[in-house]
Each structure stands twice: as structure tokens, then as C-alpha cells.
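Just so you know, the sequences run in chain order X, G and C.
Sequence positions in the first sequence follow numbering that gives the first Met the number 0 and run 0 to 340.
Sequence positions in the second sequence follow numbering that gives the first Met the number 0 and run 0 to 250.
Sequence positions in the third sequence follow numbering that gives the first Met the number 0 and run 0 to 304.
Here a beta-carbon is modelled for each residue, glycine too, at the ideal position from N, C-alpha and C.
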Amino acid sequence: MTPAFTLRNVVIAALVLALALLPLYVALTGDRFMLTLFTRIVIMAMAAVSLNLILGYAGMMSFGHAAYLGIGGYTTAILCFEGVTSGFVQWPAALATSALFALVVGALSLRTRGVYFIMITLAFAQMAYYLASGMARYGGDDGLSLDTRSQFAGLLKLSDKTTFYYVCLVLLFGSIALIWRLTNSRFGMVLQGVRSNEARMRAIGFPTFRYKLAAFVIAGTMCGLAGALIANHTDFVSPSMMFWTRSGDLIVMVVLGGMGTLFGPVFGALALLFLEQFLPAVISAAVRPFDAADAAKAGEYWQIVLGPLLLVIVLFARGGIDGLLRSFSDLLRRSKRPGHG
Amino acid sequence: MADALLKVERLAKRFGGIVATDDVDIAVPEGELHAVIGPNGAGKTTLISQLSGTLIADAGRIHFAGTDITRVPAWRRSHLGLARSFQITSLFLDLTVLDNVALAVQAHAGHSFRFWGNARRDADLRDPARAALEQVGLAHRADVRASLISHGEHRLLELAMALAGKPRMLLLDEPMAGLGPDESARMVETLRGLKRRYTILLVEHDMEAVFALADRITVLVYGRVIASGAPDLIRSNDQVREAYLGEDENV
Amino acid sequence: MTLFIEQCLNGLQFGLLLFLLAAGLTLVFGIMDLVNLAHGSLYMLGAYFAATFAAWTGSFVFGAVLAVAATLLVGMVVEVIAMRRLYGRDHLDHVLGTFGLILFFDELVRLIWGPGGKSLAVPSWLSHSLEILPGIQYPAYRLAIIVVTLAVAAFLYVLVMRTRIGMLIRAGASNREMVGALGVNIKLLYTLIFGLGAALAGLAGLIQAPILTVQIGMGENILILAFVITVIGGIGSIRGAFVAALLVGFIDTLGRSFFPELLVDLLGRQAGATAAPALSSMLIYILMAAILVVKPQGLFPAGSR
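Structural data, given as C-alpha cells:
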């Protein structure tokens, strides 16, 4: 029986608390940058949570997931541009367009396997990218600005950063709760079975295609909502949101955090975006004793460290951050009970 | 013979230049345990794969319970009452033994578009799963991860999963593969217990088991049926002795 | 008409260039079952090496030769240090690991050569135009590209179909355990194959440098096209890569030249001008998606994979 008070669970609880109390910290210290950064982290975490459903739980390697960020974002931005600023219209529309795109892409792609599946999902994402850059009316390559954030008839003022942060946070936790119910249900068992051994699933009588498609659509729709959020956050959308390397970033978040775990995507988003922010400073600090003059510049090349770091993680820490936490938790538990294991 | 539960007519399958299944006829009446034997490469697994739907035959017909299932997809055959176990263990290794069997139960419990409720606490799934595990004697290992149980237990789990869907007929592909003498004896007893309740097509190499269990035997060599009939008939058939049993003194 | 012929030649040249890139990718993929996203980085390195070595030696050809050698070397080093540990693993692991390598190489290039990009001039003895058909002029350099890439294609054909190494390559593509069991030094073979793929990528990179670009991130854009070609052609099939590359080269080039006019007619000047390059780019992906829907294993699926 695993007790509830493991190191991992404590860390998760602390994280949830920290996220919930962040605006308080910001109010006290006046560090508004943190609020902006963490809003972005929370939204990206939601996108990663959606990808985790199909990648982590169902084993479907979609390399085109960033497309949904773009589709949700562009739907919101385009509606805003055309004068429809009500969030009550924009957000459901973003969900609908994402769901539709996912349905079409899934229906066409899910008959392929392995690397072919990766390529075809990537192809569709690139198509979305090119479609966006081809729309002159909506800015093409230059992207499209949002004049105003989604309006909710005065109920929620998204232009207030703190309010917006909490909206994103609630949606993130809501998504996690949804995934939690989903993955424990019969539907979730099917997905786990598909990831484990799809051929056997079909042999015992599951028409796996329809379940994979359903999961694909759910994931895409959830990510579309994240897209609507990011459009509001940056007040701007551009085709580059959907370039295939952004899908790569999402995959990195899911794997880094721990695939197929509830909070893994949150760890992953935190880790990646944190690294993006702070690794440069760390590198500069590390270089300074040796070469003070170039220390600052050295920090700019942080991806030189991130790159090989990814490789190392893939080779040695496949369970990601969540996996590491579990290992430490187990280690602690066993060391506290001498004579056991 | 009254209409057989499984009727295979002139089944054929080629892979490029290789004829894996050559004009095969088999009829298995309900309740019979029918063994298919033959040297390595005779096409036994290919035959089972065509019966279960993993492979589609090039020619010929397969009738099950009166329905023509030759082109019916694998997952649907399972729902018609035809269950299969695999020669090379094909389980959900990262799930528990009980999870494995529960999935097999779930496959036959209507659609799985149920997004709420905890499947692991669903008595409608867990109870029949435990019952299947009891049938093969694995109930005590229910909560162990499938990757951690022994090879012999894997073979029993394979069987339990086939049984979980409450099939009418079992297609068993070398259930004794890789088992030691004790485990083999145990498997034979388990299979004996299943005999009258299920119709069984058994592909096996273990001759002791085959002659202990089979009501009738079909011998396959290079994809062709060279003999078919009661065990004694097969034992004394010259062609069979030459092609197969000649090298094997375990008769 | 002149324009059409010129664009056809451009399509041929682009297709052959893509073939160079895709051939290495499909080889590595087919034989070592390795998804190498960093293939584009080797392409980029080839271009950068060539720009630097050509400047040092004052000669395009010397620069090119040195660049190919350097890329070959880098490829083999990467194989020994990183790729070896990825063989046999999940494709997901490959994708992540090599994605990490992309980041690494992009930054490394930025560190060594700076963020600005480089330039490599067309060698003077190829900078004129030739009259290939009465009244039709075509740049000599582009003709040279066609000739060189066809020569490499022919070399690959001979290598794979007629030499012992080629036989090992083909055998490895259909059954690598067997090849190992036959006592062949698999490790060395893999390193050489990866090196060959890297050299091909580097060659492609340096060849296109004078007419296209030498900049960071150039690999990411073309890598996708190379993968598309690999997938359309069927993984592990060099013949498939050749056919698919030409197909993609033609469609992309002809699409870009003639599509805009069509779109401007339909959509009006501004809309048409913005939509055209986008739609032309989409064509390739639409093509691949269409092929995969009908033939989920590509046009020429190689081996029993």
C-alpha cells in the first residue's frame, strides 16, 4: 500500500499551493514579470496535459499538436478582428474548430503506424502553418494582433493579469481533473491497453480505431482551448506558433515531466520554461569565474546545454521528473524501514 | 458430421513464393478438442492467424457457427465467440495480471465510451476477471505486474484472457511453449478441465499432451493436411510417422 | 515555354538536391531503424564548412571536398558518441534525442560562426549561362548541380547494388540480426553508413549554398521535406527516395512558379501574392497525406518492416 505522504505527493501539493498563491507573492514583491511568466507556464502546461493524453497514456506520437494552439488561437484572433469579441462565442468556436481539425486529421492519420503516423500528423500541422501564413487578411507571416481580450459580459475581466492568471490556473486544474477521470475509466483502460499492446487489444475484441480517434479529438480540443488562452495572453497570434519545432517543444515537456502521469506535463512545462529563463543565468554564473568578460554572452547559448541534456534524459531518466520523484520517494520510504528491501 | 462449429474449406495463403497454407480443410464439431500438429514451418501459426483474423486468407472459406467469417476483422470475430491465445506471449506487460484479464472482459462488455467511473473498481469487470483467473489457477497472482510473473504463468494468463470473453471456441497456439515438465502437466490438467465446456482447436508440439487431450488430430506438413482423424489412426498412419512422428519417440 | 523548360530544370535540380538529403536519411532509417532529426544539422554544417573552407583555400572545389570530409567526420563522431545508444530504442527516444541534437548544433554554429549567416559564392568558372536548347539559357552552376547529383545517385546505385558493402546494406535493411550473426562488424558498418548519410547531407548543404542560403536553422525547414520524401518513397528504399524526391522537386518548383498567377487571378493581387507561397508549400504535405491515406507504408515499402 503506497502511503499518501510520499515525497512525490508532497512536492505536487506544494506545487499546487505555490501556483495558487503566486499572485499573492507578486502583489507583495511587485514582481509582475513572474506573473507573466507563470501564466505562460500554466497555459503551456495545459497544452502539455492534452498531449499527454494521447502520447503518454495512449502511446500515440503526434508531431503536430502545436497546430491546435494555432487553430484555437487564430479562431479567437480572427473573430476578434472581425468584431466578435465575446469570449462566449470565441472560446466555443475555438473548441469547435480544434475538434473538427482533430477529427479530420485523426480519421486520416490513425490508420498509419509508427513513424508514418509521426510524419502525417506533422504534415497536417505544417499545412495549418502554411494556411495561416497564406492568409493576407489576417496578417500572413506577420501574424495578427488582438485589439482586446475575450470579453465575458463583465463577469471576468481578462485584461486584469491576476484574473487572467486564475482563469488559466482553474482551467489547468480542470483539465488535469478531467484527464484523471478519463484515464481511470473504461475508456482510459482501453487507451492504456492500446499503448501497451494494440494488436492484443484487437485480438480480444476492441475496435481500437474509434477509441484512438476519440482520444485524439479530446486532446486536440483541449489544446485548442489552450490556444485561445495563449492568444489572450500574448494579444497576438502568428503562424510560427504552429511550426513543427513547437510541436517538438510540447513533446519535450511531456517526456521531460514524465509520460503517462497526471502531473508530469506540469513538471515538464515548468522545467522547460524555467530552463529557458534561468539556464542562461546559470551558465553565465558558471562561466564567470573562468572568463568574466564573456560570461553574459555565454548564457545566450543555453541551448547548447539543453540539447545534450535532452539526450541524457532520454537515455537515463526516461520516466522524466515524475519518475525521478517516485524513485526518490521509494528510496526514502525504504531507508526509513530498515530490514525492508 | 452434423454442422461443425468451425468449418474450414480449401483455405490457402501465400507469402510471395512460399505457400504457407495449401488447400486446408478442417471441421471441428462443438465440444471437440481438435489438435493440429506438424513439424516446424508447417504453417500452424499461420493457420491460427487466419482463423482468428490477424491474417486474411488468400482463398477458401472459414465458417464459424454457420456464419462466413473469412473476411471479418479480428476484433469482430472475438465477439462472435472465437478467442485466441498467442504462441509468443502477447500480454499487457505493464499492467497487472488482473488488469490484463479485466480488459478481455471489458472488450465483451459493450462499448467502452465510458469516461466516468473507475474501471479498476468496477465489479462487472473485476469479478468475471477473477473467475477466469480461478479457472486457470492464477487468482493468487492477480495484483502482480504481468512483466514480473514467470513464463509458465504467462502461458496461463494467455489462457485466462482467452477465456475471459466467454467464448464458444478457443484457438490455442502452443500453450505449452517453453514450459517445463511440471508446468506442462499443470497446463494439460487445466486444458482437460476446459474440454467439454469449450470447443478447442489446439496447435501443439508436445505429443504427450496432444495424445492425452485430443479427440481428433489433423497433421499439417508444408501447409497441407496429410492426415486427419482419431489419435490411434494418426499414431499408426505411415505417412505421418515418416513425416513427423518418425523423429519423435515421445508417442 | 522558355519559362516552363527553365522551371522544369529547376524542379529537376531541386528534386535531385532533395534526393541527396533524403538518401542519407532513408539509409539510416532503413538499416539502423533510426529516426534522425539532426540530419538537417549535418546539412547545415556542410554549408557552413564549405563557406569557411572555400574562403580559406580560395577555391570552391577544395572547400567543397574539405567540407564533405569534415561533415563525414562529424557524422561518424556523432554516431559513436550519441546514436549508438539509441539503436533498438523506441522511435520516440530517437525523436527526442535527435531533437536535442538539433538544438545543440544550432547553438554551436551560432557560437562558432555567429548569428549572421554566411555566404558562399558560385565559383567563377561556373557563373555563366549555357545555351542548352536554341534560345534557352540556363545557369551553368545549376547544370553542374544536376550533373553532380546524378553522378552521386549513380555511385549510390553501384554501391548498393553491386558491391559487397552494398549487399551488406541491403541485407541489413531487411534483417539486421542476421547480418550481425554472419560475423560482420555491425558497429563499424553502422558508423560507416551513418557517415555516408552525413556526407550526403553535407554535400547537399554545400551545393545549395550559393543559390539558396547558409544560415542557422536552415536544416529544420528542409528536414521536413526530406522526411516527407522518405515516407512517400518508402522507408529504406533509395529507389523510392529517388522517385519521391523528383516528384516533390517538380511539384514544389512548378507549383511555386505557376500557382501565384493562378491565385492572383482568382483572389486578387494581395491575397493571391500571400496565399501563393503558402499553398505551394502545402501541396507537398497534401501529396504526402494523400499517399499515406491510400498506401500507409509509402509507395515502395522496403523489406519486411
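Note to self: I'd like the list of long-range same chain contacts for G:G65, defined as Cβ closer than 8 Å, with 5 residues on each side in sequence excluded.
What the structure shows: Here residue 65 of chain G is taken as the residue at index 66 of the second sequence, counted from 1. These residues qualify, in order along the chain: D2.
Next item on the list: Go through the stretch 142 to 191 of chain X residue by residue and report every complete run of the alpha helix (DSSP H) that reaches 4 residues or more, in order.
Entry: Runs of the alpha helix (DSSP H) inside the stretch 142 to 191 of chain X: 160 to 183.
Note to self: Please tell me whether G:V250 has its Cβ less than 9 Å away from any Cβ of chain X.
What the structure shows: The count along the second sequence starts at 1 and reaches residue 250 of chain G at position 251. Unreliable placement is indicated for G:V250, whose pLDDT of 44 sits below 50; the coordinate value is still reported in the next sentence. Taking a beta-carbon distance threshold of 9 Å, G:V250 does not count as an interface residue toward chain X.
Checklist line | Contact under 9 Å by Cβ, G:V27 with G:M175 | finding: Within the second sequence, the letter at position 28 stands for residue 27 of chain G. Within the second sequence, the letter at position 176 stands for residue 175 of chain G. Contact flag unset, no.
Checklist line | Alpha carbon of G:G192 to alpha carbon of G:G136, nearest angstrom | finding: Here residue 192 of chain G corresponds to residue number 193 of the second sequence, with the count starting at 1. Here residue 136 of chain G corresponds to residue number 137 of the second sequence, with the count starting at 1. Within the model, the alpha-carbon separation for G:G192 versus G:G136 is close to 12 Å.
Checklist line | In DSSP terms, what X:P206 is bridged to | finding: Residue mapping note: residue 206 of chain X aligns to position 207 of the first sequence, counting from 1. According to the DSSP secondary-structure assignment, X:P206 is paired through a beta bridge with no residue.
Checklist line | Any chain G beta carbon closer than 9 Å to X:T84 | finding: On the first sequence, position 85 is the one that residue 84 of chain X refers to. No, X:T84 lies away from the interface with chain G (no Cβ there is under 9 Å from its Cβ).
Item checked: Residues that G:R113 contacts on chain X, provided the C-beta gap is smaller than 7 Å -> In the second sequence, counting from the first residue as 1, residue 113 of chain G sits at position 114. Within 7 Å Cβ-Cβ: S184, R185 and F186.
Checklist line | Among C:G182, C:M287, C:L211 and C:R83, the one whose alpha carbon lies nearest that of C:T190 | finding: Position 191 of the third sequence, counting from 1, holds the residue named residue 190 of chain C. Looking only at C:G182, C:M287, C:L211 and C:R83, the smallest Cα-Cα distance to C:T190 is reached by C:R83.
Next item on the list: Please classify C:L17: is it buried, with 16 or more other beta-carbons within 10 angstroms of its beta-carbon, or exposed?
Entry: Here residue 17 of chain C is taken as the residue at index 18 of the third sequence, counted from 1. Buried.
Margin query: Is there a Cβ of chain C sitting closer than 9 Å to that of X:V88, yes or no?
Written below: Here residue 88 of chain X corresponds to residue number 89 of the first sequence, with the count starting at 1. Judged by the 9 Å Cβ criterion, X:V88 is not in contact with chain C.
Note to self: Can you look up G:L171 in the DSSP assignment and give me helix, strand or coil?
What the structure shows: For the purposes of this step, residue 171 of chain G is taken as the residue at position 172 of the second sequence. In this structure, G:L171 counts as strand in the three-state DSSP scheme.
Note to self: If you measure between the beta carbons of C:L15 and C:L149, is that distance less than 9 Å?
What the structure shows: The residue you call residue 15 of chain C lines up with position 16 of the third sequence. The residue you call residue 149 of chain C lines up with position 150 of the third sequence. Contact flag set, yes.
Checklist line | Within 9 Å, strictly: CB atoms of G:M206 and G:L155 | finding: Locating residue 206 of chain G in the second sequence gives position 207, where the first residue counts as 1. Locating residue 155 of chain G in the second sequence gives position 156, where the first residue counts as 1. Not closer than 9 Å, so no.
Check: Nearest-angstrom Cα distance between X:A19 and X:A92?
Finding: Residue numbering aside, residue 19 of chain X sits at position 20 when the first sequence is read from its first letter. Residue numbering aside, residue 92 of chain X sits at position 93 when the first sequence is read from its first letter. In a straight line, the C-alpha of X:A19 is about 29 Å away from that of X:A92.
Item checked: Endpoints, alpha helix (DSSP H) assigned at G:Y221 -> Along the second sequence, read from residue 1 onward, the residue named residue 221 of chain G stands at position 222. From DSSP, G:Y221 is part of no alpha helix (DSSP H); its letter is neither H nor E.
Check: So which of G:A11, G:G164, G:R240 and G:L178 has the shortest CA-CA distance to G:L102?
Finding: Along the second sequence, read from residue 1 onward, the residue named residue 102 of chain G stands at position 103. Taking G:L102 as reference, the option from G:A11, G:G164, G:R240 and G:L178 with the minimal CA-CA separation is G:G164.
Checklist line | Strand pairing of X:K211, partner residues [DSSP] | finding: Within the first sequence, the letter at position 212 stands for residue 211 of chain X. Paired residues: none, contrary to the question.
Margin query: Does G:S111 pass the burial test, meaning 16 or more other C-beta atoms within 10 Å, or should it be called exposed?
Written below: As a first step, residue 111 of chain G is located in the second sequence; it is residue number 112 there, counting from the start. With 16 or more Cβ atoms within 10 Å of its Cβ, G:S111 is classed as buried.
Checklist line | Within chain C, the residues that X:L121 reaches when beta carbons sit closer than 8 Å | finding: Here residue 121 of chain X refers to the residue found at position 122 when the first sequence is read from its first residue. The contacting residues are I223 and F226.
Check: In terms of alpha-carbon separation, which member of X:A297, X:M221 and X:D329 lies closest to X:I53?
Finding: Position 54 of the first sequence holds residue 53 of chain X. Residue nearest to X:I53 within the set X:A297, X:M221 and X:D329 is X:M221 (criterion: CA-CA distance).
Notebook entry, point to check: Quick one: Cα of C:A197 to Cα of C:V242, how far?
Noted result: As a working note, residue 197 of chain C is residue 198 in the third sequence. As a working note, residue 242 of chain C is residue 243 in the third sequence. Within the model, the alpha-carbon separation for C:A197 versus C:V242 is close to 21 Å.
Check: Given a threshold of 16 other Cβ atoms within 10 Å of its Cβ, counted over all protein chains shown, does G:V250 qualify as buried or as exposed?
Finding: Taking the first residue of the second sequence as 1, we reach residue 250 of chain G at position 251. Note that G:V250 scores a pLDDT of 44, beneath 50, so its modelled location is shaky; the value from the coordinates is reported in the next line. Exposed, by the Cβ-count rule.
Next item on the list: Taking the CB atoms as reference points, tell me whether C:A22 and C:A240 lie closer together than 9 Å.
Entry: Walking along the third sequence from the start, residue 22 of chain C turns up at place 23. Walking along the third sequence from the start, residue 240 of chain C turns up at place 241. Their beta carbons are under 9 Å apart, which means C:A22 touches C:A240 by this criterion.
Next item on the list: Quick one: which unbroken beta strand (DSSP E) runs of 3-plus residues sit fully inside the stretch 24 to 87 of chain G? Chain order, please.
Entry: Segments of the beta strand (DSSP E) lying fully in the stretch 24 to 87 of chain G: 32 to 36, 58 to 63 and 81 to 84.
Notebook entry, point to check: In angstroms, rounded to a whole number, what distance separates the CA positions of X:I178 and X:S49?
Noted result: Here residue 178 of chain X refers to the residue found at position 179 of the first sequence. Here residue 49 of chain X refers to the residue found at position 50 of the first sequence. Rounded to whole angstroms, X:I178 to X:S49 spans 8 Å at the Cα level.
Next item on the list: Give the range of the alpha helix (DSSP H) segment to which G:E8 is assigned.
Entry: To locate residue 8 of chain G, count along the second sequence from 1; it is residue 9. Per DSSP, G:E8 is not a residue of any alpha helix (DSSP H); the beta strand (DSSP E) it occupies stretches across L5 to F14.
Notebook entry, point to check: Taking just the CA atoms, how far does G:D21 sit from G:I36?
Noted result: Along the second sequence, read from residue 1 onward, the residue named residue 36 of chain G stands at position 37. Along the second sequence, read from residue 1 onward, the residue named residue 21 of chain G stands at position 22. Computed Cα separation, rounded: 15 Å.
Margin query: Can you check whether the C-beta of G:L102 is within less than 9 Å of a C-beta belonging to chain X?
Written below: In the second sequence, the residue the question calls residue 102 of chain G occupies position 103. G:L102 counts as touching chain X.
Margin query: Here's the rule I'm using: 16 or more other beta-carbon atoms within 10 Å means buried, otherwise exposed. How should X:A44 be labelled?
Written below: Indexing the first sequence from 1 puts residue 44 of chain X at position 45. Under this definition X:A44 is a buried residue.
Notebook entry, point to check: Excluding the five sequence neighbours on either side, which residues of its own chain have a C-beta within less than 6 Å of the C-beta of X:G139, listed in chain order?
Noted result: The sequence position of residue 139 of chain X within the first sequence is 140, counting from 1. Excluding sequence positions up to five before and after X:G139, its CB lies within less than 6 Å of the CB of S132, all in the same chain and listed in chain order.
Next item on the list: Counting only runs of 4+ residues fully inside the stretch 225 to 294 of chain C, write out the alpha helix (DSSP H) ranges in chain order.
Entry: DSSP runs (the alpha helix (DSSP H)) wholly in the stretch 225 to 294 of chain C: 237 to 266 and 268 to 293.
Next item on the list: Output, in chain order, the set of chain X residues within a Cβ distance shorter than 7 Å of G:S51.
Entry: By 1-based counting over the second sequence, the position of residue 51 of chain G is 52. In chain order: A202.
Next item on the list: Determine the extent of the alpha helix (DSSP H) in which C:I215 is found, giving its start and end residues.
Entry: For the purposes of this step, residue 215 of chain C is identified with residue 216 of the third sequence, where counting begins at 1. That residue, C:I215, is in no alpha helix (DSSP H); it is neither H nor E in DSSP.
Note to self: Can you give me the C-alpha to C-alpha distance between X:P264 and C:V108, rounded to a whole angstrom?
What the structure shows: In the first sequence, the residue the question calls residue 264 of chain X occupies position 265. In the third sequence, the residue the question calls residue 108 of chain C occupies position 109. Going by the C-alpha atoms only, they are around 31 Å apart.
Notebook entry, point to check: Any chance the stretch 242 to 255 of chain C sits against the stretch 224 to 234 of chain C, with 3 or more Cβ pairs inside 8 Å?
Noted result: Short answer: they touch.
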